[in-house]
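Take a look at the structure below.
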Ligand SMILES: [Zn+2]
């Protein structure tokens, strides 16, 4: 069954207006998502009531998961203004959780200890089924000394902040295309 979801996201960049480079990172992130999926981004008009407000007003890198509506903040605080971080947070806003939170993640990664594992809640809502576990996902945390791949052949975790050119994986793109019905005729 094919269901074409609305795939245009209106946004405002409210990053420090003096920092054109910050906006350029956000635009780079959007361009890569659009190049690989049917999701498009366009600047919000005054009549748009729902839009993504990309801001640096608060600390940290964060986004809501999925569409909340209204002026929906996505924060790129100090140290968060890079294309890979922007890709990660925008994909949250598109409705995706972390790859390492998939319900079947224990088959693929282990944690330093039980207490650490509890900090990485499993998530049964914000993921798309039917795709292989993706160590290269922009939504997988990188190596942080707390989680480890079970397969010793897997050398790295996460496509995000450690990547140079590729910001989202092919599987990330395929999942977005599935959720947004991009392959509808
Ligand atoms: Zn995240």
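Numbering (the numbering used here), first residue to last: 1 to 185.
Backbone N, C-alpha and C fix where the C-beta goes; we use that ideal spot for every residue, glycine too.
This one's a predicted model, so the numbers in the text were calculated from it and none came from an experiment.
According to DSSP, residues forming a beta bridge with residue i
{"i": "residue 186", "result": "Nothing can be reported for residue 186: it is not among the residues displayed for the chain, which extend from 1 to 185."}
{"i": "residue 73", "result": "53"}
{"i": "residue 43", "result": "11"}
Residue i, DSSP secondary structure in three states
{"i": "residue 177", "result": "helix"}
{"i": "residue 160", "result": "Residue placement at residue 160 is poorly supported in this model, since its pLDDT is 46, which falls under 50; the coordinates still yield a value, given next. Residue 160: coil per DSSP, three-state reduction."}
{"i": "residue 138", "result": "coil"}
{"i": "residue 84", "result": "helix"}
{"i": "residue 146", "result": "coil"}
{"i": "residue 109", "result": "strand"}
{"i": "residue 8", "result": "strand"}
{"i": "residue 63", "result": "strand"}
{"i": "residue 170", "result": "helix"}
{"i": "residue 128", "result": "coil"}
{"i": "residue 98", "result": "coil"}
{"i": "residue 93", "result": "helix"}
For residue j and residue i, believed in contact at Cβ under 8 angstroms, the rounded distance
{"i": "residue 102", "j": "residue 127", "result": "5 angstroms"}
{"i": "residue 94", "j": "residue 176", "result": "6 angstroms"}
Contact check, residue i vs residue j, beta carbons under 8 angstroms
{"i": "residue 72", "j": "residue 48", "result": "no"}
{"i": "residue 91", "j": "residue 138", "result": "yes"}
{"i": "residue 182", "j": "residue 6", "result": "no"}
{"i": "residue 54", "j": "residue 13", "result": "yes"}
{"i": "residue 167", "j": "residue 87", "result": "yes"}
{"i": "residue 57", "j": "residue 78", "result": "no"}
{"i": "residue 141", "j": "residue 157", "result": "yes"}
{"i": "residue 109", "j": "residue 149", "result": "yes"}
Short CB-CB distance (under 8 angstroms) between residue i and chain B
{"i": "residue 179", "result": "The structure shown has no chain B; it contains just one protein chain."}
Start-end ranges of the alpha helix (DSSP H) lying completely within the region 15 to 40, minimum 4 residues: DSSP runs (the alpha helix (DSSP H)) wholly in the region 15 to 40: 20 to 36.
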